[in-house]
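Number of protein chains: 2
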Amino acid sequence: MPKVVDHDQRRQEIAGALLRVAAGRGLHNAGLREVAAEAGMSVRLIQYYFGTKEQMLLFATQHLAARMGERAMARIRARTGETPAPRTVIEAILDEALPDDEDSRSFLAVYKAYFALSLTDPALDIKPLTESSDAIVRVIADQLGVARESGQLTPGRDPDLEAYSLAALSAGLGDAVLGGSRTPGQARTIIRYHLDRLLPA
Amino acid sequence: MPKVVDHDQRRQEIAGALLRVAAGRGLHNAGLREVAAEAGMSVRLIQYYFGTKEQMLLFATQHLAARMGERAMARIRARTGETPAPRTVIEAILDEALPDDEDSRSFLAVYKAYFALSLTDPALDIKPLTESSDAIVRVIADQLGVARESGQLTPGRDPDLEAYSLAALSAGLGDAVLGGSRTPGQARTIIRYHLDRLLPA
DNA sequence: GTTTTTATGGTACAAAGGTATCATAAAAAA
DNA sequence: TTTTTTATGATACCTTTGTACCATAAAAAC
Numbered sequence: 012m013p014k015v016v017d018h019d020q021r022r023q024e025i026a027g028a029l030l031r032v033a034a035g036r037g038l039h040n041a042g043l044r045e046v047a048a049e050a051g052m053s054v055r056l057i058q059y060y061f062g063t064k065e066q067m068l069l070f071a072t073q074h075l076a077a078r079m080g081e082r083a084m085a086r087i088r089a090r091t092g093e094t095p096a097p098r099t100v101i102e103a104i105l106d107e108a109l110p111d112d113e114d115s116r117s118f119l120a121v122y123k124a125y126f127a128l129s130l131t132d133p134a135l136d137i138k139p140l141t142e143s144s145d146a147i148v149r150v151i152a153d154q155l156g157v158a159r160e161s162g163q164l165t166p167g168r169d170p171d172l173e174a175y176s177l178a179a180l181s182a183g184l185g186d187a188v189l190g191g192s193r194t195p196g197q198a199r200t201i202i203r204y205h206l207d208r209l210l211p212a
Numbered sequence: 012m013p014k015v016v017d018h019d020q021r022r023q024e025i026a027g028a029l030l031r032v033a034a035g036r037g038l039h040n041a042g043l044r045e046v047a048a049e050a051g052m053s054v055r056l057i058q059y060y061f062g063t064k065e066q067m068l069l070f071a072t073q074h075l076a077a078r079m080g081e082r083a084m085a086r087i088r089a090r091t092g093e094t095p096a097p098r099t100v101i102e103a104i105l106d107e108a109l110p111d112d113e114d115s116r117s118f119l120a121v122y123k124a125y126f127a128l129s130l131t132d133p134a135l136d137i138k139p140l141t142e143s144s145d146a147i148v149r150v151i152a153d154q155l156g157v158a159r160e161s162g163q164l165t166p167g168r169d170p171d172l173e174a175y176s177l178a179a180l181s182a183g184l185g186d187a188v189l190g191g192s193r194t195p196g197q198a199r200t201i202i203r204y205h206l207d208r209l210l211p212a
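Heads up: the protein sequence lines correspond to chains A and B, in order. For the record, in the first sequence the residue sitting at position 152 is 163 according to my numbering, with numbers rising by one throughout. For the record, in the second sequence the residue sitting at position 176 is 187 according to my numbering, with numbers rising by one throughout.
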């Protein structure tokens, strides 16, 4: 048989090229020809590894979700020691969700494009992306629960509601930064302003 | 000369058809032929009134912003008497931003589609939409200022930061409801949970 | 009533994009 | 070495889409 190739790795490469195209020229311009050119291969190869465009788009959502998860984990590990305080973890997560460099800006822009597309295209299933968001909310809620146990959480606050709120606040601020209504600095100020009340040092 | 027609009203009709198509089948499917069919006129007419597709898309942003503003005003007037309390006004605004019926859901979905598109297509100027959002933030900040004057605002809270926060929270919750992560009821609960702390009765 | 300007319809054309087809290189297995 | 299966390239085709062109109806002005 032929030179055996790791199909999954090949698909990851193609998905990476797709995300670069989507970040730069929009998801609607992530056609087979554009992605092939970006990935440095022929259109036929993309067809060979994915068959149809839609399956390529679907696979790219998994790739995007995985990379977002990796980035969040890396930032958490980079900022926290062996026994991270809940506030440190939460702040790392929320900061990661803000577009403060070109990479995170691209991620968020592509995520928004997928999200908007999924609203009217039921065939496009973005479960990988939404599950990733749900997981983040659970981590925040857990950390708030830990904080309450150790008396760090302001009395009268509900961990679940606060977790939902922080996630929504962070998403909204991400939009505002993406759209140019707020700077990353303003967004971080607002997040800390809230965390100061929720988890006073 | 010919039967004179109100061009602007005609453009409004076309923009309405465009928004309906965008809400139902996605902004990427709002082509000249689809919009013409939805509006019940020929493709040639759309060209006559707009010339190019991009100008049609641009005009539709103004139409969308205007209708969102009208809806918000209507809701505020419906809920508030002659001397509306700040909390009442703010709650009406934030509730309006949530997709709780098919109309507001359509509005928000199309808004999200435009926003995502504008991130990678610099030619698409969505100033009408962003200015509308900015105006809402200013109204909230003003109302919080009024509340502070009359002692209704919890001491130590900054009206501007809180206005930014509420707007971002509301936008994030709108996304969550659109995406199915939260119900409208949960979103309203979270908003009231925060307003209770900010403007205690 | 003729003319002139606006409004509207039908259609053709060129580009783009997704998919299918034909062909071939390459390497493992016999 | 031959064969068989995988991997890759080039390209043709059909549909969609934005735009341009040609024609005509309708009404105001003279």
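All C-beta atoms in this analysis are idealised placements derived from N, C-alpha and C, irrespective of residue type, glycine included.
Asked, Found
"Within-8 Å CB hit, Leu-126 (chain A) to chain B", "Leu is not the amino acid found at residue 126 (chain A); the sequence shown has Phe there. Judged by the 8 Å Cβ criterion, Phe-126 (chain A) is in contact with chain B."
"Separation of Gly-196 (chain B) from Leu-184 (chain B), as counted between CA atoms", "11 Å"
"Neighbour flag for Ser-115 (chain B) against chain A, beta carbons, 8 Å", "no"
"Same chain only: Cβ atoms within 7 Å of Glu-49 (chain A), ignoring 5 sequence neighbours per side", "Ala-28, Arg-31, Val-32"
"Pairwise C-alpha distance: Ile-147 (chain B) and Gln-154 (chain B)", "11 Å"
"Contacts of Thr-141 (chain B) in chain A (Cβ-Cβ under 9 Å)", "Gly-190, Gly-191, Ser-192"
"Local Cβ density within 10 Å of Glu-102 (chain B), reported as buried at 16 or more and exposed below that", "buried"
"Element boundaries [alpha helix (DSSP H), containing Arg-143 (chain A)]", "The sequence shown places Ser at residue 143 (chain A), rather than the Arg named in the question. Segment 138-160, the alpha helix (DSSP H) holding Ser-143 (chain A)."
"7 Å Cβ shell around Ile-201 (chain A) - same chain, five flanking residues per side excluded", "Leu-184"
"Alpha carbon of Ala-76 (chain A) to alpha carbon of Ser-144 (chain A), nearest angstrom", "9 Å"
"Lys-138 (chain A) burial status per 10 Å Cβ neighbour count (16 or more: buried)", "exposed"
"Alpha-carbon to alpha-carbon, Val-150 (chain A) and Pro-170 (chain A)", "11 Å"
"Where Ser-181 (chain A) falls, given that 16 or more other Cβ within 10 Å makes a residue buried", "buried"
"Assumed close pair Ala-124 (chain A), Ala-127 (chain B) - CB separation to whole angstroms, cut-off 8 Å", "5 Å"
"Between the CA atoms of Ala-187 (chain A) and Tyr-204 (chain A) - distance to the nearest angstrom", "17 Å"
"Alpha helix (DSSP H) segment containing Glu-107 (chain B), residue limits", "97-107"
"Leu-155 (chain B) at chain A interface by Cβ criterion, 8 Å", "no"
"Neighbourhood of His-18 (chain A) by C-beta, 7 Å cutoff - its chain only, sequence neighbours within 5 removed", "Tyr-60"
"Own chain partners of Arg-44 (chain B) with C-beta closer than 8 Å, once the 5 adjacent residues on each side are dropped", "Val-54"
"Per-residue DSSP class, three states only, for Asp-114 (chain A)", "helix"
"Contact set between His-39 (chain A) and chain B, taken where Cβ atoms lie within less than 7 Å", "His-39"
"Meets three-Cβ-pair contact criterion under 8 Å: the region 67-75 of chain A and the region 97-116 of chain A", "no"
"Residue burial classification, Ala-134 (chain B) (beta-carbon count within 10 angstroms, cutoff 16)", "exposed"
"Ala-158 (chain B) to His-39 (chain B) span [Cα, whole Å]", "44 Å"
"Beta-carbon proximity list for Arg-193 (chain A), same chain, < 6 Å, skipping 5 on both sides", "Ala-187"
"Lys-64 (chain B) versus Ala-41 (chain B) - alpha carbon distance", "10 Å"
"Residue of A:Ala-89, A:Arg-21, A:Gln-73, A:Gly-191 minimising C-alpha distance to Glu-142 (chain B)", "A:Gly-191"
"Candidates B:Glu-93, B:Tyr-122, B:Ala-89, B:Ile-57: closest to His-74 (chain B) by CA position", "B:Tyr-122"
"Residues in the region 44-72 of chain B having any Cβ partner in chain A nearer than 8 Å", "none"
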